[in-house]
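Protein sequences, first through last, are from chains A and B. At the far end of the first sequence sits residue 497, using my numbering, and the numbering has no gaps. At the far end of the second sequence sits residue 373, using my numbering, and the numbering has no gaps. Virtual Cβ for every residue (Gly too), placed ideally from N, Cα, C.
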Amino acid sequence: MSGKMSRRELLKLTAFSAAAVSANLVPSISIFARPASQDATVVLRFQENETEYAKVVEAFKEKFPNVNIEYVNVTGLDHAEVATKILAQLAAGQPVDIGYAATEATQLYAGEGLALPLTQRVLDSKEELAEYFSDVSPVLTETMMYEGDLYQLPRDFNAANMYFNTALLQEAGLEVPGEEWTRDDFLEYAKAMTGIGGGDSFGYGWTNRLWGSWTPWFFVNDTNLLMEERAPGGEWMWETFYADDPNAEGRGGGWRWPAPQANNPKMVEALEFVVSLTRDGITPEAALGTGETLQGFFTSGKLGMTPAGGFWSGGLINAGMKPGDFDVQFWPKWASQRHQLGVGAAWILNGTAYENEAWEFVKFSTAREIMELVGFFGELTRTTPVRRSMNNEQRYSKSGPPNWHVFYDTLDKRSDTGPIPAPVFSVELTNIYTRYTALATSLEQTPQQALDGMQAELEALYARQ
Amino acid sequence: MGSQVMHLSSPRRRNPVSRWLAADTLQGIQRQRALLGYLFLAPTIIGLLLFIVGPMLGSLALSFYKWNVFRPPEFIGFANFERLFADPRVFTGFKNTFILVVMTVTILEVVAFLLALLVNRLASRTLSTFFRTAYFLPVLLSGASVAVTLGYMFHKDFGVINYYLGFLGIEKIPWLNSSDWVLIAVSLTTVWRNLGFTFIIYLGGISSLPTEVLEAAEVDGAQGWRKITKIVLPLLSPTILFATVTDIIKMLQFFDEPFIMTRGGPGDASRTAVMLLYESGFGNLEFGYGSAIALVLFIVILAVTAFQFVMSRRWVFYR
Numbered sequence: 033m034s035g036k037m038s039r040r041e042l043l044k045l046t047a048f049s050a051a052a053v054s055a056n057l058v059p060s061i062s063i064f065a066r067p068a069s070q071d072a073t074v075v076l077r078f079q080e081n082e083t084e085y086a087k088v089v090e091a092f093k094e095k096f097p098n099v100n101i102e103y104v105n106v107t108g109l110d111h112a113e114v115a116t117k118i119l120a121q122l123a124a125g126q127p128v129d130i131g132y133a134a135t136e137a138t139q140l141y142a143g144e145g146l147a148l149p150l151t152q153r154v155l156d157s158k159e160e161l162a163e164y165f166s167d168v169s170p171v172l173t174e175t176m177m178y179e180g181d182l183y184q185l186p187r188d189f190n191a192a193n194m195y196f197n198t199a200l201l202q203e204a205g206l207e208v209p210g211e212e213w214t215r216d217d218f219l220e221y222a223k224a225m226t227g228i229g230g231g232d233s234f235g236y237g238w239t240n241r242l243w244g245s246w247t248p249w250f251f252v253n254d255t256n257l258l259m260e261e262r263a264p265g266g267e268w269m270w271e272t273f274y275a276d277d278p279n280a281e282g283r284g285g286g287w288r289w290p291a292p293q294a295n296n297p298k299m300v301e302a303l304e305f306v307v308s309l310t311r312d313g314i315t316p317e318a319a320l321g322t323g324e325t326l327q328g329f330f331t332s333g334k335l336g337m338t339p340a341g342g343f344w345s346g347g348l349i350n351a352g353m354k355p356g357d358f359d360v361q362f363w364p365k366w367a368s369q370r371h372q373l374g375v376g377a378a379w380i381l382n383g384t385a386y387e388n389e390a391w392e393f394v395k396f397s398t399a400r401e402i403m404e405l406v407g408f409f410g411e412l413t414r415t416t417p418v419r420r421s422m423n424n425e426q427r428y429s430k431s432g433p434p435n436w437h438v439f440y441d442t443l444d445k446r447s448d449t450g451p452i453p454a455p456v457f458s459v460e461l462t463n464i465y466t467r468y469t470a471l472a473t474s475l476e477q478t479p480q481q482a483l484d485g486m487q488a489e490l491e492a493l494y495a496r497q
Numbered sequence: 055m056g057s058q059v060m061h062l063s064s065p066r067r068r069n070p071v072s073r074w075l076a077a078d079t080l081q082g083i084q085r086q087r088a089l090l091g092y093l094f095l096a097p098t099i100i101g102l103l104l105f106i107v108g109p110m111l112g113s114l115a116l117s118f119y120k121w122n123v124f125r126p127p128e129f130i131g132f133a134n135f136e137r138l139f140a141d142p143r144v145f146t147g148f149k150n151t152f153i154l155v156v157m158t159v160t161i162l163e164v165v166a167f168l169l170a171l172l173v174n175r176l177a178s179r180t181l182s183t184f185f186r187t188a189y190f191l192p193v194l195l196s197g198a199s200v201a202v203t204l205g206y207m208f209h210k211d212f213g214v215i216n217y218y219l220g221f222l223g224i225e226k227i228p229w230l231n232s233s234d235w236v237l238i239a240v241s242l243t244t245v246w247r248n249l250g251f252t253f254i255i256y257l258g259g260i261s262s263l264p265t266e267v268l269e270a271a272e273v274d275g276a277q278g279w280r281k282i283t284k285i286v287l288p289l290l291s292p293t294i295l296f297a298t299v300t301d302i303i304k305m306l307q308f309f310d311e312p313f314i315m316t317r318g319g320p321g322d323a324s325r326t327a328v329m330l331l332y333e334s335g336f337g338n339l340e341f342g343y344g345s346a347i348a349l350v351l352f353i354v355i356l357a358v359t360a361f362q363f364v365m366s367r368r369w370v371f372y373r
């Protein structure tokens, strides 16, 4: 036996050991669930911001003193990016027990088996939840369903309505239009509000993302980026909770988007319209992100109109505007007046050791008096509550807008309102969508070229699934 | 008692490893010293294994799998690499990365060197300290906040850069929304943030140049540009090599600025190789494909660095 171990041998040994360790580690990461604690006290990892939920958690702990909440605060430029980070945490073996997902990630978590279907638990608690569902539009509930099952109890939503800067409106000699206003009216408004406000204002601006991007325009042009259909199932929900609600008629088990149709003529027409606004100097360059850039321009009187939901009412006040400085109206009519929306809510990790406790927390959070404790629904509304009864005059009295009723009317009066297209692979879809949108709005490609490219990539994406 | 004496006087029974290590011979002593050395090295080696070699090998292994976190990995051989070499977006990502590296590193090295020369000539210690601090401060800022701030400044319609260019009669430039300009905007942002680090390296190198050589050159008539190109640059060549190697490695991993300022757009005009691997892995949940891109990037960085060191034999002079 040789007495020495050479450096070469040592390196070989270490590399071999590392390879063995790595090879054994990878497959085992697929198990996310944490082992059940033997302690009486349970700690739920909850994807939320402590300042927004401290009062809710406090109230919950009074009822369930053995359950503690550990906050996992995840931020991102948009909901797709937040989902990306949550998945990265899962891959790293640090799952949340209760996550939060908006429409962008609802089917991602449900379709990949990460989120727990709540159907049976909801049916088991139907007496407790009847009042909640009676106060929540079926449009919102259906958006949280996937293949017949419910995965989330809606907490907040935002449909893309049109916000107006009232100072610019007045300077242009205009008033907030009526509910039935059209795309042509919009164009007149946009032109009138361009080049005033010190000479460098724009009539209309938007952010390049999936929600509230140029998506509202193809919705009102009566088309969609992806073909739409309703999944079968879901009767249990409509018969149990919405039997007397005419808005629930014809609903199914959630949305399906079976194929892309990015370059259909109506899509091209919608994008041509949006690009023409840029070309004519009515719209500034469309930035990516959360819309904070637009908010800055809107509050400083440089932007006349922009798509936003109830979340903006509080946001604009926080940014320095005063009640009355802005108002809201439905999206203008084109071929239709169908609105697009996104819904957000908690989901429970499929396989969590604390399924019962997590369900109790989710259910507890749906009570009206508990929802009022959520920070987002405080003095200033920073996202629209799903409960019809919470969208009242008092809620918007300190912020406005005067037409606050438009937020919930988008669901009740425009019952064809539907979710943004967000299938299981919505993160990749969003990437493709924003990339080609930018190519068109930067005038580097024609709308037809951009949408042909988008369609080709979406077809390849569907083929890979 | 007798049996105890018998036991003590009998040879101690050791296992073969202990005998091998403790042998009272020259080889044994060498082995003991080597073992001590390895013990001192152990924390570093373990750290390297756990945090560098292990993940690298794990990533290498993953590049042969299809894995989306939710389901067990599926071995697919070289399929990820076949897809990678047929994917035009990967080519674009690497092309953008190379353009950014060439542009950024060139500006960084030239500007940092010239600033270092100027600051080194300052007689006032206060002024020198002020400029050192001023140039180095951006290095301490987070890449994300710099990118967000400069993203606003580069905005075509509302940014201050176009506002001031307007006074010079220059039309609004679509810095972040044009394939022609976006890499320039990203590169300038990166230069602004990283200049201080390269500047300090050059300043250190220049201030440690041998004064007797510089004075002798001046006596021989070397002044100004001639002195810089014929004396200062050759003497500074090891510093230049270090600065360029570290800057190129860093810039080949371009991520923060384009990700935050443009998300790779418009289209793929500012998408870099690291953005692609991040989006593939964490966005599209194609960890195998992302690992394959990471492996190719690793090989590219290795090759570029090796090339630099080979070429450095021709122009780097060590005193």
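Report all residues from its chain with a CB closer than 7 Å to the CB of residue i; omit the five preceding and five following residues, and keep chain order.
i	result
D188 of chain A	G376, F408, T415, T416, P417, V418
V202 of chain B	I314
V173 of chain B	S182, F185, R186, L257
S421 of chain A	D167, R400
What residues of chain B sit near residue i, judged by a beta carbon separation below 8 Å?
i	result
R329 of chain A	With the sequence shown as reference, residue 329 of chain A is identified as Phe, and Arg is not the correct amino acid for it. Under the 8 Å cutoff, chain B gives F212.
G145 of chain A	F124
K334 of chain A	F212
L119 of chain A	V123, F336, L339
A470 of chain A	N231, G319, P320, G321
For residue i, which residues in chain A fall below 7 Å Cβ to Cβ?
i	result
S233 of chain B	E476
Quick one: what does DSSP say residue i is sitting in, helix, strand or coil?
i	result
K117 of chain A	helix
M365 of chain B	helix
N100 of chain A	strand
M337 of chain A	strand
L230 of chain B	coil
L381 of chain A	strand
A292 of chain A	One detail in the question is off: residue 292 of chain A reads as Pro in this sequence, not Ala. Correct three-state label for P292 of chain A: strand.
M299 of chain A	helix
G318 of chain B	coil
F78 of chain A	strand
Y119 of chain B	strand
M2 of chain A	Outside the modelled stretch of chain A, which goes from 33 to 497, sits residue 2 of chain A, for which no answer is possible.
Taking 6 Å as the limit between beta carbons, can you name the residues of its chain near residue i, skipping five residues before and five after?
i	result
F212 of chain B	none
D3 of chain A	Within the shown structure, residues of chain A are numbered from 33 to 497, placing residue 3 of chain A beyond reach of any answer.
P434 of chain A	D359
G205 of chain B	M315
A222 of chain A	G235, Y236, I314
L412 of chain A	G346, I349, S431
Distance, Cα to Cα, residue i vs residue j?
i	j	result
Q293 of chain A	K95 of chain A	50 Å
W270 of chain A	T138 of chain A	20 Å
S232 of chain B	P320 of chain B	6 Å
A297 of chain B	I260 of chain B	13 Å
L290 of chain B	D301 of chain B	16 Å
S72 of chain B	Q86 of chain B	11 Å
L146 of chain A	G323 of chain A	29 Å
F124 of chain B	Y141 of chain A	10 Å
Against residue i, what residues of chain B qualify as contacts under a CB-to-CB distance less than 9 Å, listed in chain order?
i	result
R467 of chain A	R317, G318, G319, P320, G321, D322, R325
N463 of chain A	R317, G318, E333, G337, N338
T239 of chain A	In chain order: nothing, as chain B lies at least about 12 Å away.
Please list the partners that residue i has in chain A, where partner means a Cβ-to-Cβ separation under 9 Å.
i	result
P97 of chain B	The premise fails here: P97 of chain B is roughly 14 Å from chain A at the closest Cβ pair, so nothing lies under 9 Å.
Could you list which residues in chain A have their beta carbon closer than 8 Å to that of residue i, in chain order?
i	result
P228 of chain B	E317, S474
Less than 8 Å between C-beta atoms, sequence neighbours within five positions excluded: which residues of the same chain meet that for residue i?
i	result
F371 of chain B	P288, L289, S291, P292
S233 of chain A	L200, M225, T226, G227, G333, K334, L335, G336
Below 7 Å on C-beta distance, what does residue i contact in chain B?
i	result
A142 of chain A	Those do not exist, as A142 of chain A stays about 12 Å from chain B at its closest Cβ, beyond 7 Å.
T116 of chain A	F336, G337
A123 of chain A	V123
Restricting to runs no shorter than 3 residues, where is the beta strand (DSSP E) found entirely within the stretch 179 to 249 of chain A?
185 to 191, 193 to 197, 234 to 236
Mind listing, in chain order, the continuous beta strand (DSSP E) runs of no fewer than 3 residues lying wholly within the stretch 345 to 389 of chain A?
358 to 361, 372 to 380
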